[in-house]
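K.L.:
The numbering used here numbers the first residue of the sequence shown as 1 and each following residue consecutively.
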Amino acid sequence: MSQIVTGLASFGMSGKVFHAPLLHHHPQFRMKKIVERTKNEASLLYPNITTVKTFDELLVDNEIELVIVNTPDHTHFDLASRALEAGKHVIVEKPFTQTVEQGEALINLAYKKNLHLSVFQNRRWDNDFLTVKEVIKQGLLGRLVEFESHFDRYRNFIQPGTWKEDASTGTGTLFNLGSHMIDQALCLFGMPEALHADVRILRTNGNVDDSYDLKLYYSDVKVTLKGSYLVREAGPRYTLHGTLGSFLKYGIDPQEEALKAEKSLNDPNWGRDDESKWGLLNTEINGLHYSGKIETIPGNYLAFYDSIYKTIRHSAPLEVIAEDALNNIKLINAALISNKTKEAVIL
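(1) Taking C-alpha atoms, which residue in 346, 202, 122 and 167 lies nearest to residue 22?
(2) I believe residue 209 touches residue 173 by the beta-carbon criterion, under 8 Å. Please report the beta-carbon distance rounded to the nearest angstrom.
(3) Are residue 279 and residue 299 close, meaning C-beta to C-beta below 8 Å?
(4) Between the segment 192 to 199 and the segment 330 to 345, do at least 3 Cβ pairs fall closer than 8 Å?
(5) CB-CB under 8 Å to residue 334, same chain, minus the five flanking residues each way: which ones, in chain order?
(6) Kindly identify the DSSP beta-bridge partner or partners of residue 154.
(7) Nearest chain D C-beta to residue 217 closer than 8 Å, yes or no?
(8) Confirm, please, whether the CB-CB distance from residue 225 to residue 240 is below 8 Å.
(9) For residue 309, tell me which candidate among 28, 6, 77 and 14 has the shortest Cα-Cα distance.
(10) Identify every run of the beta strand (DSSP E) within the segment 168 to 242, keeping only runs that are complete inside it and at least 3 residues long; order them along the chain.
(11) DSSP on residue 26, reduced to helix/strand/coil?
(12) If the criterion is Cβ atoms closer than 8 Å, does the pair residue 70 and residue 10 meet it?
(13) Return the residue from the list 257, 51, 152 and 332 that minimises the CA-CA distance to residue 233.
(14) Helix, strand or coil for residue 249, going by three-state DSSP, please let me know.
(15) Figure out for me which residue from 222, 254 and 206 has the closest Cα to the Cα of residue 158.
(16) Report the residue from 237, 260, 20 and 144 whose alpha carbon sits nearest the alpha carbon of residue 249.
(17) Using only alpha-carbon positions, find the residue among 124, 267 and 285 that is nearest to residue 94.
(18) Could you give the DSSP three-state label for residue 352: helix, strand or coil?
(19) Look up residue 85 in the DSSP assignment and say whether it is helix, strand or coil.
(20) Among residues of its own chain, excluding the 5 on either side of residue 102, which ones have a beta-carbon nearer than 6 Å to its beta-carbon?
(21) Looking only at its chain, what residues have a beta carbon closer than 6 Å to the beta carbon of residue 118, apart from the 5 residues adjacent to it on each side?
(22) For residue 181, count the other beta carbons within 10 Å of its own beta carbon; 16 or more makes it buried, fewer makes it exposed. Which is it?
(23) Taking only three categories from DSSP, how would you classify residue 145?
(24) Can you grab the Cα-Cα spacing for the pair residue 75 / residue 340, in whole Å?
(25) In angstroms, rounded to a whole number, what distance separates the CA positions of residue 2 and residue 269?
(26) Could you pull the start and end residues of the beta strand (DSSP E) that residue 294 belongs to?
(27) Tell me, please, which residues DSSP counts as bridged to residue 118.
(28) Using CA coordinates, which residue listed in 146, 73, 285 and 211 is at the minimum distance from residue 138?
(29) Among 203, 190, 247 and 164, which residue has its Cα nearest to the Cα of residue 219?
(30) Grouping DSSP H, G and I as helix and E and B as strand, with all else coil, what is residue 49?
(31) Check whether the Cβ atoms of residue 178 and residue 332 sit closer than 8 Å, and answer yes or no.
(32) Buried or exposed: where does residue 141 fall if 16 or more other Cβ atoms within 10 Å of its Cβ makes it buried?
(33) Determine, using beta carbons only, whether residue 176 and residue 230 come nearer to each other than 8 Å.
(34) Given a cut-off of 8 Å on the beta-carbon distance, is the pair residue 34 and residue 54 in contact?
(35) Following the continuous alpha helix (DSSP H) through residue 328, name the residue where it begins and the one where it ends.
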């Protein structure tokens, strides 16, 4: 089967660190054009691509089948709509859109055009999340009763010159990091019955939210998702408790840092944890008490693009469907309402 010819709408952080290296490494994709409005960095790193100055130059290229919309959040709806209208399959960087109505409109347009629409939820393939999924799937904790996830950073300053610190663009850490965590919760447990949120600006002179505490209500499991930019000493990334035991996982998947360091995806240790970061399992298995570490399953961001290829070329089901991303936006919007009213929102 032929390679999928791809255009990248931006060469900012997500383009430079995630999409371009993954596409360059994946044998079933060929990056043809990358939009860089003011610089020319992409062609220095990838001499076989063409740098263009406008998004329209992706859309008028009949050879390009797939367009990746990885521009600032507030542009996602407009650019994804234009790409779909031009007959391109589309991947949108998370968060999908800023409103539910925008998400519904994109989904309807993709169906109308018989095109594939997905969202780059790469952290479904974090090594720690893959391990958590397997712990739950294998029933190693008995019946799961509590799940708590953290995505914390220490960034006590306001980064100058970035749209991510500008409240007028409708961004903030809930849309940024929160969309990853909500997606993982949806993968594990589906849509909750209700949601309660505490969303705050903690940094001095901050303009956008940089802390959230979400409580997702399910009939059989207690789910908490937390993130903050003012955590200098991080606790567990995941904490799971069940009727037979507990699982704790510290640290964070190494793939982002490896991509920033321009490490090779062919490294046999790609996505693997050092043994010091393996999760701690304390449980009962077949009547025997076990307490010790379990090896982390290797992470694999390339699996996202594997799914895209299989869908476009072989009509396989998408791993990340737009409807998942729409539910994500519904929960983010519910969290903002809950934070404002100080009450739980029934879904």
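For glycine and all other residues, C-beta sits at the position ideal for the given N, C-alpha and C. A quick note: this is a predicted structure, and the numbers were derived from the prediction, not measured.
P.N.:
Inspection of the coordinates gives the following:
(1) Within the sequence shown, residue 22 is the residue found at index 22, counting from 1. It is 122.
(2) Your numbering for residue 209 matches position 209 in the sequence shown. Your numbering for residue 173 matches position 173 in the sequence shown. Residue 209 to residue 173, Cβ: 6 Å. Contact.
(3) One-based indexing of the sequence shown puts residue 279 at position 279. One-based indexing of the sequence shown puts residue 299 at position 299. No.
(4) yes
(5) Translated into the one-based positions of the sequence shown, residue 334 becomes position 334. Excluding residues within five positions, the ones whose Cβ falls inside 8 Å are 195, 197, 345 and 347.
(6) Here residue 154 is taken as the residue at index 154 of the sequence shown, counted from 1. Bridge partners of residue 154: 230.
(7) Any reference to chain D falls outside this structure, which holds one protein chain only.
(8) For this step, residue 240 is matched to residue 240 along the sequence shown. For this step, residue 225 is matched to residue 225 along the sequence shown. No, the Cβ-Cβ distance between residue 240 and residue 225 is not below 8 Å.
(9) Here residue 309 corresponds to residue number 309 of the sequence shown, with the count starting at 1. Of the candidates 28, 6, 77 and 14, the one whose C-alpha sits nearest the C-alpha of residue 309 is 28.
(10) 194 to 200, 211 to 217, 222 to 228 and 238 to 242
(11) What you label residue 26 is simply residue 26 of the sequence shown in a count that begins at 1. If DSSP states are grouped into helix, strand and coil, residue 26 belongs with coil.
(12) Reading the sequence shown from its first residue, position 70 is the one you call residue 70. Reading the sequence shown from its first residue, position 10 is the one you call residue 10. Contact: yes.
(13) Here the question's residue 233 lines up with position 233 in the sequence shown. Among 257, 51, 152 and 332, the Cα nearest to that of residue 233 is on 152.
(14) Here residue 249 refers to the residue found at position 249 of the sequence shown. The answer is strand: DSSP assigns residue 249 an E or B state.
(15) What you label residue 158 is simply residue 158 of the sequence shown in a count that begins at 1. When only C-alpha atoms are compared, the closest one is 206.
(16) Within the sequence shown, numbered from 1, the residue matching residue 249 stands at position 249. It is 237.
(17) For the purposes of this step, residue 94 is identified with residue 94 of the sequence shown, where counting begins at 1. Checked all of 124, 267 and 285; the closest Cα to residue 94 is 124.
(18) In the structure displayed, the chain extends from 1 to 347; residue 352 sits before or after that span and is not available.
(19) Sequence index remark: in the sequence shown, residue 85 carries index 85 (1-based). If DSSP states are grouped into helix, strand and coil, residue 85 belongs with the helices.
(20) Along the sequence shown, one-based indexing puts residue 102 at 102. Excluding residues within five positions, the ones whose Cβ falls inside 6 Å are 77.
(21) In the sequence shown, residue 118 corresponds to position 118, counting from 1. Answer for residue 118: 91, 318 and 320, listed in chain order.
(22) Counting from one through the sequence shown, the residue named residue 181 turns up at place 181. Residue 181 should be labelled buried.
(23) Your numbering for residue 145 matches position 145 in the sequence shown. In this structure, residue 145 counts as strand in the three-state DSSP scheme.
(24) Here the question's residue 75 lines up with position 75 in the sequence shown. Here the question's residue 340 lines up with position 340 in the sequence shown. Cα to Cα, residue 75 sits roughly 25 Å from residue 340.
(25) Mapped onto the sequence shown, residue 2 falls at position 2. Mapped onto the sequence shown, residue 269 falls at position 269. Going by the C-alpha atoms only, they are around 29 Å apart.
(26) Along the sequence shown, read from residue 1 onward, the residue named residue 294 stands at position 294. From DSSP, the beta strand (DSSP E) with residue 294 extends over 288 to 294.
(27) Translated into the one-based positions of the sequence shown, residue 118 becomes position 118. Answer by DSSP bridge pairing, in chain order: 91.
(28) Sequence index remark: in the sequence shown, residue 138 carries index 138 (1-based). Selected option, being the one with the closest Cα: 285.
(29) Numbered from 1 along the sequence shown, position 219 holds the residue referred to as residue 219. When only C-alpha atoms are compared, the closest one is 190.
(30) If you number the sequence shown from 1, residue 49 lands on position 49. Coil, per DSSP.
(31) Within the sequence shown, the letter at position 178 stands for residue 178. Within the sequence shown, the letter at position 332 stands for residue 332. Yes. Within cutoff.
(32) Position 141 of the sequence shown, counting from 1, holds the residue named residue 141. Under this definition residue 141 is a buried residue.
(33) Start at 1 with the first residue of the sequence shown, and residue 176 comes out as number 176. Start at 1 with the first residue of the sequence shown, and residue 230 comes out as number 230. It is not a contact, given that the beta carbons lie outside the stated cut-off.
(34) Within the sequence shown, numbered from 1, the residue matching residue 34 stands at position 34. Within the sequence shown, numbered from 1, the residue matching residue 54 stands at position 54. No.
(35) Position 328 of the sequence shown holds residue 328. Residue 328 -> alpha helix (DSSP H) spans 322 to 341.
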